[in-house]
Every structure is written in C-alpha cells, then in structure tokens.
Amino acid sequence: MKIPVRNPRTGENDYVIEAADASEVGQVAARLRKAQPAWFAAGIEKRAEALVAWSDSILKHKEELTDALSVDTGRYALSKSEVEGAARNLKRWASIAPGLLQSDEKNSELIQTITYANQYVPYQLAGFISPWNFPVTLSLIDAAPALIAGCAALIKPSEVTPRFVKPLLKTITETPEISDVVDVVLGDGATGAALVNEVDIICFTGSVPTGRKVAAAAAARFIPASLELGGKDPVIVLQDADIERATDAVLRGSVLNTGHACLSIERIYVDEKIYDDFVALLTKKAAAVDLNFPDIHDGVIGPVIFERQAETIAAHIEDAVRKGAKVQCGGKVENHGGGKWLRPTVLTNVNHDMAVMVEETFGPVLPVMSYATLAEAIELANDTSFGLSAAVIGGDVAEARKVAECINAGGLSINDCGLTIATYEPEKTSFNFSGLGGSRMGPGSIYRFVRKKALIMQHGAPRPVADFAEPVAVRG
C-alpha cells in the first residue's frame, strides 16, 4: 500500500512510501533473528566497536540526513542537532555499556561457601515504534542500548516523517558490522501492529490511545512493553523567582520545536504576587519570536509538522477563548505557503475546565494561571492524568527542590525547563498515563533489554536431607 507524505512547509503531498505488510515485516524479523546469535556471541567490545562505526557513518552522511529531516519537519537547526545527537548517543553507549553488563563473582553474606554472579541475556529481537516530532532521535534513543546489549533491532518510524529513512538506511548498509542486525520498516499503524507481533520486547513513543493498544498487544503475547506517552507538563514559578530568567526558561520550554515535545511546558502556574509582571514580560518575549518562514534558516518557530495536530491546537485555543480565556499574543493558526503555523500564544484567565489545561496540546501555547499558596500550586500541578515531567523555578534552589519533590512526574527540572533532554544521566519513570516500564534515560535503561540470570555456586558440601528432619520432641 502506498502512503502519500505531506510536506509541512508547503502542505503538498510530495513524497510516497510503500507500507510493509505483515508478511514483509515477518520476513525482516526472521532475517534479524537469524543474525542475532552471532551478534551477541561477538561480545560487547565488538558490539561497541560496531556502534562507533555506525556513529561515524551517520556523521559522514550528516548533511544528507539533516536535509531529509528538515523536509520532514520543516526546521533545520533542530534537525542538524538530532542527527549529531544520535551519533553521540551511539558512542556514549559504546563507552558506558561494557561496564554496566559485566558481572563480578560475589560472596554470599548468608552462606560463606556460596558465591554468585549474574549473566545478562538479551531479548533476541527488540522493536521500536517512533513518532513524528523528533524522528531521528526517537528512532535511535532506545535502539542504541538494545543493540549493544546484544539484541537485534527493528525500527518503524512515523509515516508522517519518513524521508530521513533512506539516508539512514545508507548508513546501516555502509556499516557491515551492524547491517545484519538493524533494519527499518515503513508504514502506518497496521505495520506497527505487525511489528509488535514479531518482536520480543517493544518500545513505543506516542499517544496514550495508541500506547494502550500497544500495551494490550504486548500483554497478549506476554512480552515487555516500554512506553513513553503523552505529557501535560506544568511549571510552578515561585514568588522569589528571577522573572527575567523564569520567562526565558518557560518560553523556550514551551515553544521549542513548535511545542512538539512530550516534555513541553503546557501549564504555567505563577505566584499571584508576581503574576502580572510575569505575564507582561512573557508576552513581550513570546510576541518577538519569529516564524522560520519563508527562510527555513531564519526564525525559531517551524510549521506544525502534522496537519491534524494543527486542528487540535486550534480547537484548544478556541475552547479556551469560548470559556473566557484572554489571548495576550498569537492565537491563530496561520497559513503560509501552504503550511500551518502558530506563533507563540500566551493565554490568561484560564482554568482546568478548559481543554488547553488538561489535554495534550502539542503546540506553542502558553496558558498562565495564578496561585495564592504553594499548596494550591502543587494541587494544580498534580491535577492531571499525565506525569511525564515538570518544572519548578524559584530564587532558592533548595525551596524549589522541596516543591518539585511534591509533584507527581518522572523528570523534574529545577530553575529551568526541559532539563531531561539536556542530559542523559538521570533515570526517571513516568507517572499516571504518561508511560509504562523502566527508565529510557540514564545508564539503567539498558537493563530493559536483557533478562538477568543468577548463577549461584556452591563451593562446599551440599546440605544433606537429614539436616531438615523434624526435631525429636524432648519430654520432661
């Protein structure tokens, strides 16, 4: 089946992909499974060398990948950053994984004649279904630790942004060390469903409704599912916050990548004593942010990548205004050159009866509420079905941390926003409906892709069964 692909900057369908059917997905999966045992047997040092080689190939084709991704997403600078970041991520795992998967023999604390060690056995075939907002990053962020752990990897990117796949496949083909254990299939939800039916562990990044389907399909097959789903991330701005710095952080955290990020700030709660000054400065800064139109190399805000998302964004704004919200800047989805664009939109007089405060908007919309007490702010922040990440900004880091510890979310940025993508080290898990499974960040994320054997060795004489006989009763 052929699937037309829309260009987000022009609105035209100027690309076509051929969707893999269940039979084709099965054939690719079988080939990867056949190659996996030799990949695992090669040892982790060889696998590390292979990931470095793939990283080098990605950097060799950086311009081609960046150009394709720029057409997919309508933005250039972040596309370049994605490609470079993916290459760095492969080398990072090549560097740290050997130390994570080694197992030294240890002595039992309970029985002196027993020692034990662990053996890490990878799932044979890991599957990855990635979304359209960060196509390269989210296609490879989980595949990298899976590969070095010893899995084979089958990736299905979003059909909304598939142009980068052709140059990515070139990097795989040109890296013989990994070409037998990594592949990409293109297609829509049917292809994704077929992939879930073929793999031994599935990693999915996307919406909550689709995540539910993936989780159910994985449960039916009794395979693990690692899900990172939607977010409605709050930020609490404390009374003693530096308003200049706070507005910089909140604005960037809300509009980066046109707000197309699961960790975008989508709810802003500001102490009532600084609310008016905060809103005035935030609005001034937001109104000054330019679209990267007509020149992709000039401006900050790219087009809405997925046309259906533009409809959701517009509906959230219209619902809020109908219920009494005030538009301080932006507010209208604009058509430029056939693409859909939204300037940063600051909304005030908002509340939790509005969709823009409770549903994922996934666009550059900044709804701002005031609060009277910290208890109220924390209650508002936790009034959500999501729990991916959040932020607290204040003048005192220690106080801001105390507030952050009260928020039900996996990644908490303190005195900034979006720090969970600024560094890979901290591990986090999702709260509520924002996800399922172990952390995809930090060193421990590699353990999602292995099963752990305990090798327990007796160095002394085994205990005889007589040791477990019932004691003879002693009569007085």
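Reading the sequence shown from the start, the letters are residues 129 to 604 in this note's numbering.
From the three backbone atoms N, C-alpha and C, an ideal C-beta is built for every residue, glycine too.
- For the pair ASN235 and ASN246, the Cα-to-Cα distance works out to about 12 Å.
- For GLY467, the enclosing beta strand (DSSP E) starts and ends at 467-470.
- As DSSP reads the structure, SER183 sits in no beta bridge.
- Per DSSP, ILE300 is one residue of the alpha helix (DSSP H) stretching across 293-301.
- Between ALA150 and GLY315, the CB-CB gap reaches or exceeds 7 Å.
- ALA416 and LEU357 have their alpha carbons spaced roughly 31 Å apart.
- The Cβ atoms of ASN536 and GLY570 lie no closer than 7 Å to each other.
- Considering only VAL493, GLY202, ALA519, the residue with the shortest C-alpha distance to LEU475 is VAL493.
- ARG380 and ALA374 have their C-alpha atoms some 10 Å from each other.
- Rounded to whole angstroms, the separation of the alpha carbons of ALA519 and CYS545 is 6 Å.
- In the DSSP annotation of this structure, the continuous segment of the alpha helix (DSSP H) that includes THR338 starts and ends at 336-349.
- As summarised for the region 144-169, the continuous alpha helix (DSSP H) elements at least 4 residues long and confined to that stretch are 150-169, given in chain order.
- Considering only ALA509, CYS331, THR243, the residue with the shortest C-alpha distance to ILE584 is THR243.
- The shortest CA-to-CA distance from ASP524 to any of MET485, LEU366, SER513 is the one to LEU366.
- Note that the C-beta distance between HIS388 and ASN261 is below 7 Å.
- As for any alpha helix (DSSP H) of minimum length 4 sitting wholly inside the region 354-424, the runs are 371-383, 403-415, ordered along the chain.
- When the Cα atoms are used, ASP368 and ASN135 turn out to be separated by approximately 45 Å.
- Bounds of any beta strand (DSSP E) do not take in SER573, whose DSSP letter is neither H nor E.
- According to the DSSP assignment, GLY202 belongs to no alpha helix (DSSP H), since it is labelled neither H nor E.
- Going by beta carbons, GLU192 and PRO295 fall inside the 7 Å limit.
- For SER562, the secondary structure class from DSSP, reduced to helix, strand or coil, is helix.
- Per DSSP, the unbroken alpha helix (DSSP H) holding THR265 starts and ends at 263-268.
- The C-beta of ILE269 has 16 or more other C-beta atoms within 10 Å across all chains shown, which makes the residue buried.
- With distances taken between CA atoms, GLY572 lies nearest to GLU553 out of GLU439, SER558, ARG579, GLU553.
- Annotation for THR476: the continuous beta strand (DSSP E) segment containing it runs 473-476.
- Rounded to whole angstroms, the separation of the alpha carbons of VAL593 and SER567 is 44 Å.
- The residue from GLY255, VAL133, ASP481 with its alpha-carbon nearest to that of ASP328 is GLY255.
- Contact between PHE292 and ASP200 holds: their C-beta atoms lie close to 6 Å from each other, under 8 Å.
- Inter-residue distance for THR319 and PHE168 is about 27 Å (C-alpha atoms, whole angstroms).
- Only buried fits ASP361, as 16 or more other CB atoms lie within 10 angstroms of its CB.
- The beta-carbon separation of ARG137 and GLY458, rounded to 19 Å, does not stay under the 8 Å limit for a contact.
- Cβ contact annotation for LEU187 (same chain, cutoff 6 Å, sequence separation greater than five): ALA215, in chain order.
- Assignment of ASP316 by DSSP, reduced to helix, strand and coil, places it in the coil class.
- Secondary structure of GLN586 (DSSP, three-state): strand.
- For LEU508, same chain residues with a beta-carbon under 6 Å away, outside a window of 5 residues either side, are TYR397 in chain order.
- The DSSP-derived three-state label of ALA537 is coil.
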